[in-house]
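Trainee: Heads up, the sequence shown is in full-length UniProt numbering, so the first residue is 1 and it goes up one at a time.
The following block contains the structure, expressed as structure tokens.
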Amino acid sequence: MLKLIFQLLHNKNETEHWITGSLPQLGSWELEKAKKLKIQTEIDSNTLLSQIEINIPLISRENYFQYSYLRKQNEKFIFEQKKNRKLKINSNVEGKRFIQDEWGESITKSQGKIIIRFKVHYNTNFGQNVYITGNHPELGKGNIEKAIKMNYMENELENWLCDASFSYIHKGNPIEYRYVVKSSDSFDSNNQIIIESLPRKLNFSSDIQRGFIEISDSFFGNLKYHEFILTKSPFTDVFFKPAIFEDEDFEIINLWENDPKELKIPVQFRVISTNPFDNFQIRLTGSSKKLGNWDPYLSIPVSNKEFPIWKTVVWMEKEDFPFEYKYIVCPRQENISYISEEKFDHEFGGNRKAKLTEKNLDLKSNFKSNIQAIFLDGGNLRSSQNQIKPRIAGISIPVFSIRSKNGLGVGEFNDIELLADWASRAHFRFIQILPINDTRITGTWDDSYPYSALSSIALHPIYINLDSLDLSDEIRTEIENVKKEMNQMVRDPKTNRNIFKYPELDYPEVIKTKMDFLRKIFLINKEKIKESKEIAKFIRENSSWLPAYSVLCALADKNGISDFNLWDKFRQVTQEEINFLMTAKSDIFDGVMFYVWIQFELDKQLSTAVKTANRLGIVLMGDLPIGVDLRSADVWTQPSLFNLDCNAGAPPDYFSKKGQNWFFPTYNWMEMERSNYKYWINRLTCLEKYFQALRVDHIIGWFRIWEIPNYYKQGLMGHFNPSIPIYRQELINLGIQNFQRLCQPYLSFHVLEHYLEKDQLEKIHDFLEKDQFGNFQFKPDFDTQSKIYEKVEDQKMKEVLFALISEVCLLGNPDSDVFYPRYDLQKTLSFQDLDFNIQKVLLKLSNEYFYSKQESLWKQTARKRLPLLTQKTKMLIIAEDLGFKPQCLDPILKEMQIPGMKIERMSSNTSESPFDNPKKFDYMSMTSTSTHDSENIREWWEITDNRKYYWNKILHNFGDPPKIADIQVCTQIIKQNLESDSMICIIPIQDWFSINPDLRIENPKDERINYPPDRNHHWKYQIQIPVEDLINEYPSFTNKISRMIDSSDRYF
């Protein structure tokens, strides 16, 4: 039940009051059933407070009801006003709600009014102002561009002030806010912005409707990064997990449950300290009697339940103000008297000060105290206690690459526990994996691509461990027989070690085998599954994605194809239809429950593996892909969140000379913003269940995405979104008139001769024709790359035609008002045959488009989107920021305190050196020797043109380098990455194996995980020995790794 407590302030000479309203508990407007209020207390010489309590059932959705107060005059009821009061209720949680009213006041007052006065101390430079931003609409609803400008108060302790009015504050729904300092009212690229690292939170233990709350804050700006990361999940939940010192009074309690005659004010003291050690605690002392009169033995314990925020509440009287206070650091002891006096470490610097505001607000309230609560946020603890600056080592490996003796041809979630065991022995702290989302769309090798998700949340069934399920003896025997076949071991004659007979993942065979077994197991257990309360709970807890995904999969099975665009029915679907298809009345109910059950079991297995890894001191780092498949459940149910007429990709870079087309629809960020980015918050919340750290794939796409229209296939033919295009009138003003020449493929005869071989020249007329002026042009059946891709089977001819169709200088229709420069347009023959003056104009416009014109726009875009990653999750975020970077990327990531990646062979300044020097890497970064998209050390060493430069200038060796990367070379490369100042050093498992003679495989190309230029690449790399053997048979290798990590000071 929900208890509603109506409190009415009224004149002392009007002693009897009633209430009636639309609720049955208030008489349903029948006057004879009106409820009489009882006088509770005298507020002052003229005012009384009367009260009545009623109980109403809990409700699951927002609702309104009306009510009104009455009094009697000459035995007749007199209503207080002509219009009824309205009250909004939205609560499905038991508890109390107080409604405070005054007789005869205006209707708006019956809704309640809360004034929060924010005060903060910050010494600004000339031209700077302080703003406040927060998650509440009154504070800009998380949009930094709508931050509220504060007022400067001269000669005040807290010299910046802002009053914000709130109509209602819900219990358990904290107000989060931060202070922002900037030099102008705009958020353009030239504006220097300082944003506080951590959100401040106002928590209340019950709903608040009225009152004046004063907050006195100390601006703490950006924590140093080594302090900031200690507030993130790897440190608070795995490495240190600080002991909780809990004080029952650390929250502000209901401001209205107390006797209104009380003159006491609850004051919440808050301070930030990232010191995580168990033997450390903070106490509060001060000049007031309530604070122990500076006696440390009478100091007040401070709770760190919300680490790194430490806080407590002290009930102060008005006479206690003003007062001074400080925090004390001391050893943790249950009995403070056991602590010797010299062990109390007082904060350095002057005393902190607190006083009541001198400018009281007129709330038209009859309560004696205008201020109902005070929050004193002291910012950072001023302590001499040493802070750690952690540096960590880890490995990267896709889950499908793990092998164990108990797996079925592929790494499984249970195998993460084994890998974590080995990792902890080797003194690793991180295991980084690739995406583990379901990708089953075609049933072919294409599905081995882990970034093309069928669902942004659902887990891939290939990672399930069948032995952990409820199996019949017959099925268990069948599974054992298949495992024996897939896990056969053979003797390697070169190393004399046991390795897997099948050294690579056979994705189509493994997923088919597992799904067949899963269907058999479900068929036996389906009635029990349908009746399972645990599974019913799982469905409720995952209602934002699980029904849509399960229904999509079941319909795909029914239709024999996953692409919903090819179905006869349910190409488009409503939530009501999904809800029905989830019921027993649906003809696909069994199929739906089959996929629900698989996700339920996968969730259990992965959760167990994560807990085991965490217990061993290992953090699991997940991967947030930049996109989802066009045929995914996300697109099916939320098409408005995607731009379906184009694909995401990347321009030409280190990974691919022709650019990349990932064939994912790009995000419609404007539509996502309308729902306050609910889509992203839901994804991050689900990832946070399993991961303590998260690599954000292609974070450049959060600034701007490379967008390729559907009629192109090559990444080369894209443009940036958002971006400022080149306008038609702009070109006309610069003397350019012939748009046909610049936008249509330039197909002069010498261009054809350049691209076509002799036998291809003879066939080219199948694809080209001449226009009215005698110039070659593509026939309508082949005038886009998409048409060529579908209709031309000869792969060589297809590539030539792609090249010919990309012989343009501007992207866009010749009749359009908007154009984009083709990437590397100066390399086209079309450009080279232009008049020099036109070349000069186009090159200038192209350089501006790609390298300068967009910076302000992209900086604004990133500042709007990236707070989702920094403020909506406790996961440690790592930005995959490799590739073609905007200039604003590094400064914005630094501003947001998001580490980027460092790969020494991917130079950040190629004009200075083809390599970055690990000795110069920033602490706020993650370094690695290679990535899943690049060659590993050994393959790279054999193909690079800069081997001698690297050998002499980076490794500081003399003479000529060896032709292959032997153990000494690989060890030296890994060692210098470990010794870099980067906070995290993640080395792929293949590169670790390169320093052991028995674990190095003969051909390093076989260790390649992905080859980005090939969209049809098979993701099949697997380690060649079981993890059990790695643990039991290679202790010297494990010890070698641990010594390297220890000597580089990456273990604690």
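Don't be surprised by glycine CBs; every beta carbon is placed ideally from N, CA and C.
1. Which residues in the same chain as D438 place their Cβ atom closer than 6 Å to its Cβ, once the five residues preceding and following it in sequence are excluded?
2. For I107, count neighbouring C-beta atoms within 10 Å of its own C-beta (all shown protein chains included) and say buried if the count is 16 or more, exposed if not.
3. What is the residue span of the alpha helix (DSSP H) that A648 lies within?
4. How is D557 classed by DSSP in three states: helix, strand or coil?
5. Three-state secondary structure (DSSP) at I598?
6. Inspect the CB distances between the stretch 683 to 701 and the stretch 604 to 612 and report whether three or more fall short of 8 Å.
7. To test your reading of the DSSP string, which unbroken alpha helix (DSSP H) runs of 4 or more residues are found completely within the stretch 713 to 792?
8. Which of the three DSSP states, helix, strand or coil, is assigned to A862?
9. Would you call the stretch 402 to 413 in contact with the stretch 481 to 492, where contact means no fewer than 3 C-beta pairs closer than 8 Å?
10. Unbroken alpha helix (DSSP H) runs of length 4 or more, entirely within the stretch 410 to 485: which are they?
11. Here's the rule: buried if 16 or more other CB atoms are within 10 angstroms of the residue's CB, otherwise exposed. What is A536?
12. Are the beta-carbon atoms belonging to F321 and A354 less than 8 Å from one another?
13. On a Cα-Cα basis, can you pick out the residue from M896, N847, L716 that is closest to E807?
14. Mapping the DSSP letters down to three states, classify Y851 as helix, strand or coil.
15. When DSSP labels each residue in this structure, what does D506 get in the three-state scheme?
16. Less than 7 Å between C-beta atoms, sequence neighbours within five positions excluded: which residues of the same chain meet that for I339?
17. Please name the residue in L893, I265, L523, Q281 whose C-alpha comes closest to that of M316.
18. Could you pull the DSSP bridge partners for D101 from this structure?
19. Measure the alpha-carbon distance for E14 versus M1 and round it to whole angstroms.
20. By DSSP's criteria, F664 is part of a beta bridge. Which residues make up the other side?
21. Check G701 in the structure and name its three-state DSSP category.
22. By Cβ distance, which residues of its chain are closer than 8 Å to Q66, with the 5 residues on each side in sequence left out?
23. If you draw a straight line from the C-alpha of residue 1059 to the C-alpha of G379, how long is it?
24. When DSSP labels each residue in this structure, what does C686 get in the three-state scheme?
25. Which residues in the same chain have their Cβ closer than 7 Å to the Cβ of S50, if we skip the five residues on either side of it in sequence?
26. Can you list the beta strand (DSSP E) stretches of 3 or more residues lying completely in the stretch 796 to 844, in chain order?
27. With V180 and T133 assumed to form a contact (beta carbons below 8 Å), what rounded beta-carbon distance in angstroms separates them?
28. In its own chain, which residues sit with a C-beta less than 8 Å from the C-beta of N498, not counting the 5 before and 5 after it?
29. May I ask which residues mark the beginning and end of the beta strand (DSSP E) holding D163?
30. Suppose the cutoff is 6 Å on Cβ atoms and the five residues either side in sequence are ignored; what does the same chain contact list for G142 look like?
31. With DSSP as the reference, label P1035 as helix, strand or coil.
32. Around the Cβ of D1046, are there at least 16 other Cβ atoms within 10 angstroms (buried) or fewer (exposed)?
33. Report buried or exposed for D881, applying the criterion of at least 16 other Cβ atoms within 10 angstroms of its Cβ.
34. Use the C-beta contact count for K119: other C-beta atoms within 10 angstroms, 16 or more gives buried, fewer gives exposed.
35. Compute the Euclidean distance between the alpha carbons of D945 and F655, then round it to the nearest angstrom.
36. Please report how far the alpha carbon of N351 lies from the alpha carbon of I148, in whole angstroms.
Mentor: Judging by the given coordinates:
1. Reading the sequence shown from its first residue, position 438 is the one you call residue 438. The answer, listed in chain order, is L454, S455, A458, H460.
2. Sequence index remark: in the sequence shown, residue 107 carries index 107 (1-based). Because the pLDDT at I107 is just 32, under 50, the model does not fix this residue reliably, and the value given afterwards should be weighed accordingly. Exposed.
3. Here residue 648 refers to the residue found at position 648 of the sequence shown. Segment 642 to 650 is the beta strand (DSSP E) holding A648; no alpha helix (DSSP H) there.
4. By one-based count along the sequence shown, residue 557 stands at place 557. Helix.
5. To locate residue 598, count along the sequence shown from 1; it is residue 598. Note: I598 maps to helix in three-state DSSP.
6. yes
7. 728 to 733, 739 to 743, 749 to 755, 758 to 763, 785 to 791
8. Sequence index remark: in the sequence shown, residue 862 carries index 862 (1-based). Reduced to three states, the DSSP call for A862 is helix.
9. yes
10. 413 to 425
11. Sequence index remark: in the sequence shown, residue 536 carries index 536 (1-based). Flag for A536 reads exposed.
12. Stepping through the sequence shown from its first residue, residue 321 is reached at position 321. Stepping through the sequence shown from its first residue, residue 354 is reached at position 354. In this structure, A354 lies closer than 8 Å to F321 by Cβ.
13. Numbered from its first residue, the sequence shown carries residue 807 at position 807. E807 has its Cα closest to that of L716, out of M896, N847, L716.
14. Numbered from its first residue, the sequence shown carries residue 851 at position 851. Note: Y851 maps to helix in three-state DSSP.
15. Counting from 1 along the sequence shown, the entry for residue 506 is found at position 506. If DSSP states are grouped into helix, strand and coil, D506 belongs with coil.
16. Working through the sequence shown from its first residue, we reach residue 339 at position 339. Taken in chain order, the residues that qualify are C330, P331, Q333.
17. Taking the first residue of the sequence shown as 1, we reach residue 316 at position 316. Closest by alpha carbon: I265.
18. For the purposes of this step, residue 101 is identified with residue 101 of the sequence shown, where counting begins at 1. Partner(s): L8.
19. Walking along the sequence shown from the start, residue 14 turns up at place 14. Walking along the sequence shown from the start, residue 1 turns up at place 1. Computed Cα separation, rounded: 32 Å.
20. Taking the sequence shown and counting its residues from 1, one reaches residue 664 at position 664. Answer is A648.
21. Looking up residue 701 in the sequence shown gives position 701. Reduced to three states, the DSSP call for G701 is helix.
22. As a first step, residue 66 must be located in the sequence shown, where it is residue number 66. Answer for Q66: G21, S22, N84, R85, K86, L87, listed in chain order.
23. Residue 1059 falls outside the range modelled here, since the chain spans only 1 to 1052, and no answer is possible.
24. The residue you call residue 686 lines up with position 686 of the sequence shown. DSSP places C686 in helix when its eight states are reduced to three.
25. The count along the sequence shown starts at 1 and reaches residue 50 at position 50. Closer than 7 Å at the Cβ level, and outside the excluded window around S50, lie L8, H10, H17, L37, K38, I39, Q40.
26. 818 to 821
27. Start at 1 with the first residue of the sequence shown, and residue 180 comes out as number 180. Start at 1 with the first residue of the sequence shown, and residue 133 comes out as number 133. About 6 Å; that satisfies the 8 Å criterion.
28. By 1-based counting over the sequence shown, the position of residue 498 is 498. M489, V490, R491, D492, I1025, D1029.
29. Stepping through the sequence shown from its first residue, residue 163 is reached at position 163. Its beta strand (DSSP E) spans residues 160 to 166.
30. As a position in the sequence shown, residue 142 is number 142, starting the count at 1. Around G142: N135.
31. Counted from its first residue, the sequence shown places residue 1035 at position 1035. Note: P1035 maps to helix in three-state DSSP.
32. Residue 1046 sits at position 1046 when you count from the first residue of the sequence shown. Looking at its Cβ environment, which holds fewer than 16 other Cβ atoms inside 10 Å, D1046 is exposed.
33. By one-based count along the sequence shown, residue 881 stands at place 881. The residue in question, D881, is buried, as its Cβ has 16 or more Cβ neighbours within 10 Å.
34. Your numbering for residue 119 matches position 119 in the sequence shown. Buried: at least 16 other Cβ atoms inside 10 Å.
35. The count along the sequence shown starts at 1 and reaches residue 945 at position 945. The count along the sequence shown starts at 1 and reaches residue 655 at position 655. D945 and F655: Cα-Cα distance of roughly 16 Å.
36. The residue given as residue 351 occupies position 351 in the sequence shown. The residue given as residue 148 occupies position 148 in the sequence shown. About 30 Å.
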